[in-house]
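K.L.:
Residue numbers (mature numbering (1 follows the signal peptide of the UniProt record, and there is no 0)): -32 to -1, 1 to 144.
1) With H, G and I counted as helix, E and B as strand and the rest as coil, what does DSSP make of residue 123?
2) If you drop the 5 nearest sequence neighbours on each side, which residues of the same chain put their C-beta closer than 8 Å to that of residue 82?
3) Short check: CB of residue 19 to CB of residue 9, under 7 Å?
4) Bridge partners for residue 23 per DSSP, in chain order?
5) Quick one: is residue 41 buried, meaning 16 or more other Cβ sit within 10 Å of its Cβ, or exposed?
6) Please state the DSSP three-state secondary structure of residue 88.
7) In the DSSP assignment, what are the bridge partners of residue 59?
8) Hey, is residue 71 close to the ligand MN, as in C-beta under 6 Å from one of its heavy atoms?
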C-alpha cells in the first residue's frame, strides 16, 4: 500500500510540475487575455522604423518598409483565435491574413483569411519579441534585403527574429 501511495504522490508531483512549467512558459506570451487590436504595426526590432508591410504585387509577399501609419499595407487588424493568445493578423489594405508557408524558410505573404489554416495563426512572446507561427512553429524573421520569412529559432538570428508590436498587446503592458 505504501508503494502505491508513493507512486500516486510522485505522479501528482510530476503532473503539478508540468502544469507549473506550462503556466510559466505561457506567462511571457500575450496569452493572459484575448488581445483585440484594430490597427497595429509589426516593427522589426532593428531600431530603423521598418514594419512588416504587404508588398503591392499579386502574390503579396511581406517586406520591410518604412513604418507609415497612413499606408494601410503596413497596418494590421488583430483577430483573436483562441483564449491562449493565438491570433490572426489581417492586413488593412487587402483584407487578407499574414500567412507562413508550410515549410520553414519560406517567404511570408498574405492569403484570404482562413481560420483552419495553421499558417495564419500567430502568437507574440512579450519577453523576447518573437512572433511565432503555429504551423510550422517558426519565427517571423527579417532580412537585410527587406524580405520577411520564417525560420526556426537561432541564436545567430536573434536580432532578426525580434519584433515590436505597436501598440503593445494588453498582456505585454501588464508585464507579461
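For each residue, glycine too, the CB sits at the ideal point set by N, CA and C.
P.N.:
Well, looking at it:
1) Counting from 1 along the chain shown, the entry for residue 123 is found at position 155. Note: residue 123 maps to helix in three-state DSSP.
2) The count along the chain shown starts at 1 and reaches residue 82 at position 114. Answer for residue 82: 65 and 88, listed in chain order.
3) As a first step, residue 19 must be located in the chain shown, where it is residue number 51. As a first step, residue 9 must be located in the chain shown, where it is residue number 41. Result yes, Cβ atoms of residue 19 and residue 9 sit closer than 7 Å.
4) For this step, residue 23 is matched to residue 55 along the chain shown. Per DSSP, none; premise fails for residue 23.
5) As a first step, residue 41 is located in the chain shown; it is residue number 73 there, counting from the start. So residue 41 counts as buried.
6) On the chain shown, residue 88 is found 120 positions in, with the first residue counted as 1. Three-state DSSP puts residue 88 in a helix.
7) On the chain shown, residue 59 is found 91 positions in, with the first residue counted as 1. DSSP output for residue 59 lists 44 as bridge partner(s).
8) Although the ligand MN was asked about, the structure shown includes no ligands whatsoever.
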